[in-house]
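S.K.: Please find one structure pasted underneath; my questions will follow.
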Ligand code: ADP
């Protein structure tokens, strides 16, 4: 038995094996249909024989594509966890060495370990670091990388179709990968993992809340709605920071407020990395505050969920989230009055720009919302809501189009004056909201409405034609 002990000692310990990986699909939230594709990969391991017997080719490599922090690594671990196989991982940036041959020999060692301990998942993080199209990098660094890439191709081919070692790689740039990598039998399957939507964010928050002492009435929806554009890694961090808040105050339960504060901190952290001058922050704040302040005057629009100057998914500037009845809006069941209110709110940024910076200093920050106002005004006229023309007859008379535009522009002008009037009467409130936005970057519903209460808002007469 002494000999056996010695042999066990001599056996090289696998360097790239991650021990104790115990991730399951239930730890990864907000996947939707992607989950089915990943379950299939698990089956390549658990039902490999069945696939082979039926002549179904098992892919050698799977590419998980998506921005950082969406859970690509977590998913690769979950595949290994669900299949009950070993998990080997390396970051491709570790392949890229200045010494010739080091990268290639690491790849060889990684795959040798994975084979000796098969079945296994090999996970390569940031594949683009080594998988960029060959010939793009000049000089000896480029040669070294090519040698590494070639070795990777050889290693991938060694397992083709056998299903004992499956490589999963992550990248944010599938478009720049060397074509040789994505050829059949190599990384021939791509799975896109997008940033989570509203429901996805709720689910991710809940997954991370599972092991924490959450208050029973935590409003996950509120946190999810103010974290547009955030990924799983950031949401996980919010729950952690909220737990720290709770501990610091000596409480025993994490509340919605803890989470809201943590979300604001996360956002600020994100934003501090974003370069914007104080002037720019302020300008964006005026833009968003104006919409919120004008909207608060209107019953259908005033259900403001939060106000932010953080760049959000698909929006470069800020965002005022209003809980308009979305069905009513989509199906065109808005009343005449609420359509006018909507137009007025959309014009608020333009009005604020004029009031705060003057006609000479106008920017184009309001271009998008002004566009919304214009098209809503056209809808108004075309829909026969206007009384200047006679209802639906507008629809059929092509040569009236000019008239329609004239009329739409009258409506826009009227609503614009209204927006200006509201803003002028609410300067104090505007200043307070702008200040707090610049400081905190986003305001929750409560924060916004307590400013409204404090600095009052004078309700003007609704516009009428
Ligand atoms: P990526 O590999 O895409 O950069 P990671 O898998 O490293 O992202 O994510 C980092 C952490 O963020 C995970 O360990 C997990 O705590 C959290 N996370 C990310 N996405 C999700 C998700 N969809 N569900 C649950 N947690 C997630």
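Numbering (the working numbering), first residue to last: -6 to 458. Backbone N, C-alpha and C fix where the C-beta goes; we use that ideal spot for every residue, glycine too.
Starting from residue 371, trace the beta strand (DSSP E) both ways and give me its first and last residue.
M.R.: It is not in any beta strand (DSSP E) - residue 371 instead sits in the alpha helix (DSSP H) that spans 360 to 375.
S.K.: Taking DSSP as the reference, what is the three-state secondary structure of residue 337?
M.R.: Note: residue 337 maps to helix in three-state DSSP.
S.K.: At the level of alpha carbons, what is the spacing between residue 397 and residue 66?
M.R.: In a straight line, the C-alpha of residue 397 is about 56 Å away from that of residue 66.
S.K.: Tell me the DSSP bridge mates of residue 125?
M.R.: Residue 125 is bridged to 170.
S.K.: If you compare alpha carbons, which of 255, 244, 275 is closest to residue 227?
M.R.: Measuring from the Cα of residue 227, the nearest candidate turns out to be 255.
S.K.: So what does DSSP say about residue 178, is it helix, strand or coil?
M.R.: DSSP places residue 178 in coil when its eight states are reduced to three.
S.K.: Can you tell me whether residue 51 is buried or exposed? The criterion is at least 16 other CB atoms within 10 Å of its CB, across all chains shown.
M.R.: Classification of residue 51: buried, given that the 10 Å Cβ count is 16 or more.
S.K.: Does the beta-carbon distance from residue 229 to residue 247 come in below 7 Å?
M.R.: Not a contact, by the Cβ cut-off of 7 Å.
S.K.: Please determine, among 149, 373, 282, the residue with the shortest C-alpha to C-alpha distance to residue 329.
M.R.: Answer by Cα proximity: 373.
S.K.: Under the DSSP definition of a beta bridge, which residues are partnered with residue 79?
M.R.: Partner(s): 113.
S.K.: When the Cβ atoms of the stretch 94 to 104 are set against those of the stretch 62 to 79, are three or more pairs found closer than 8 Å?
M.R.: No, the stretch 94 to 104 does not touch the stretch 62 to 79.
S.K.: What's the gap between the Cα of residue 298 and the Cα of residue 331?
M.R.: Taking the straight line joining both Cα atoms gives about 18 Å.
S.K.: Examine the ligand ADP and report whether any of its heavy atoms sits within less than 6 Å of the Cβ of residue 167.
M.R.: Result no, Cβ not under 6 Å from the ligand ADP.
S.K.: Using alpha carbons as the reference points, say which of 361, 362, 347 lies closest to residue 355.
M.R.: Residue 347 is the option with its Cα nearest to residue 355.
S.K.: Run the CB neighbour count on residue 144, radius 10 Å, all protein chains shown included, and call it buried at 16 or more, exposed below.
M.R.: It is buried - the Cβ of residue 144 has at least 16 other Cβ atoms within 10 Å.
S.K.: Among 54, 150, 178, whose alpha-carbon lies nearest the alpha-carbon of residue 120?
M.R.: That would be 54, whose Cα lies nearest to the Cα of residue 120.
S.K.: Using only the alpha-carbon positions, how far apart do residue 429 and residue 271 sit?
M.R.: The alpha-carbon atoms of residue 429 and residue 271 are separated by roughly 13 Å.
S.K.: Can you name, in chain order, every residue of its own chain whose Cβ lies under 7 Å from the Cβ of residue 345, other than the five neighbours on each side?
M.R.: So the qualifying residues of the chain are 279, 280, 283, 416.
S.K.: Roughly how many angstroms separate the alpha carbons of residue 168 and residue 181, rounded to a whole number?
M.R.: When rounded, the distance between both Cα atoms is 13 Å.
S.K.: At a cut-off of 6 Å, would you count residue 29 as near the ligand ADP, judging by its Cβ distance to the nearest heavy atom?
M.R.: No; taking the cut-off as 6 Å, the Cβ of residue 29 has no heavy atom of the ligand ADP nearer than that.
S.K.: For residue 185, which of helix, strand or coil comes out of DSSP?
M.R.: It is a strand residue.
S.K.: Using three-state DSSP, classify residue 51 as helix, strand or coil.
M.R.: Three-state DSSP puts residue 51 in coil, outside helix and strand.
S.K.: Check residue 219 in the structure and name its three-state DSSP category.
M.R.: If DSSP states are grouped into helix, strand and coil, residue 219 belongs with coil.
S.K.: Would you call the stretch 73 to 84 and the stretch 190 to 208 touching, i.e. three or more CB-CB distances under 8 Å?
M.R.: With a cut-off of 8 Å, the stretch 190 to 208 and the stretch 73 to 84 do not count as touching, because too few Cβ pairs lie within range.
S.K.: For the ligand ADP, I want to know if residue 74 counts as a neighbour, meaning its beta carbon is within less than 6 Å of at least one of the ligand's heavy atoms.
M.R.: Residue 74 Cβ: outside cutoff for every heavy atom of the ligand ADP.
S.K.: Would the C-beta of residue 62 count as close to the ligand ADP, meaning under 6 Å from any of its heavy atoms?
M.R.: Correct: residue 62 has its Cβ closer than 6 Å to the ligand ADP.
S.K.: Rounded to the nearest angstrom, what separates residue 43 and residue 82 at their Cα positions?
M.R.: Approximately 27 Å, taken between the alpha carbons.
S.K.: May I have the straight-line CA-CA distance separating residue 163 from residue 142, to the nearest angstrom?
M.R.: Roughly 15 Å between the two C-alpha positions.
S.K.: Rounded to whole angstroms, how far is the Cβ of residue 370 from the Cβ of residue 401, which I believe are closer than 8 Å?
M.R.: Sure, about 4 Å apart at Cβ, within 8 Å.
S.K.: Between 334, 222, 276, which lies nearest to residue 431 when the distance is taken from Cα to Cα?
M.R.: Per the Cα distances, 276.
S.K.: Under 8 Å by Cβ, that's how I've got residue 249 and residue 434 pegged, so tell me the actual separation to the nearest angstrom.
M.R.: With a Cβ gap of about 19 Å, residue 249 and residue 434 do not count as contacting.
S.K.: Any idea what DSSP makes of residue 164, helix, strand or coil?
M.R.: Note: residue 164 maps to strand in three-state DSSP.
S.K.: Going by DSSP in three states, residue 245 sits in which element: helix, strand or coil?
M.R.: Reduced to three states, the DSSP call for residue 245 is coil.
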